[in-house]
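If you read the sequence shown in our numbering, its first letter stands for residue 5, the second for the next number, and so on.
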Amino acid sequence: QLQASGGGLAQAGGSLRLSCAAVGRVAGINVVAWYCQVPGVQRESVASITNAGNPNYADSVKGRFTITRDNAKNTVYLQMNSLRPEDTGIYYCRAFNTRAPEYDFWGQGTLVTVSS
Numbered sequence: 005q006l007q008a009s010g011g012g013l014a015q016a017g018g019s020l021r022l023s024c025a026a027v028g029r030v031a032g033i034n035v036v037a038w039y040c041q042v043p044g045v046q047r048e049s050v051a052s053i054t055n056a057g058n059p060n061y062a063d064s065v066k067g068r069f070t071i072t073r074d075n076a077k078n079t080v081y082l083q084m085n086s087l088r089p090e091d092t093g094i095y096y097c098r099a100f101n102t103r104a105p106e107y108d109f110w111g112q113g114t115l116v117t118v119s120s
C-alpha cells in the first residue's frame, strides 16, 4: 500500500528526494514518517508529518531535511539536502495512527548511500 522511491547514491553535500506514495486507500492514519535503518541498529525516525501538515524532525536532520505532503497525489516527500555519509541507510516510510495501533503500514525500503 505504500511505495517508497528516490534512493540512490549521492556525494556528501548533495541532495536526494524520497517519495512515499500510497497505492489505493490507506485509511485511518494521522501521521506519515520516514525512518532510517543501518545494519545492527534499530530503525530511527528522521522526520514525520501529521495530517494537518505539521512536521517533526530528528535533531540530526534539522535544517537539512524537509518533509512535505501532496494530498492530491497521496504522496509524502522527504527532501534531503546537505547529505552526510552518516545519512547512509535504508529509508522506510510508515503511515500510522498514533491512537489506533491497528492502523500501521510500512513501505519497502529505499537505499540511500552518501559517499564522502
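Ideal placement from N, C-alpha and C gives every residue a C-beta, glycine not left out. A quick note: this is a predicted structure, and the numbers were derived from the prediction, not measured.
Go through its chain and collect everything with a Cβ distance to D137's Cβ below 8 Å, but skip five positions before and after it. Nothing about residue 137 can be read from this structure; the chain reaches only from 5 to 120.
Assign A62 to one of three DSSP states: helix, strand, or coil. coil
How far does the beta strand (DSSP E) with D74 in it reach, from first residue to last? F69 to D74
Could you give the DSSP three-state label for E48: helix, strand or coil? strand
Own chain, CB closer than 8 Å to P89, minus 5 neighbours either side, in chain order: A16, V118, S119 and S120
If V35 sits next to F100, beta carbons under 8 Å apart, how far is it from one beta carbon to the other, in whole angstroms? In this structure V35 is in contact with F100, their Cβ atoms being roughly 6 Å apart against a cut-off of 8 Å.
Would a C-beta distance cut-off of 8 Å place G32 and Y107 closer than the cut-off? yes
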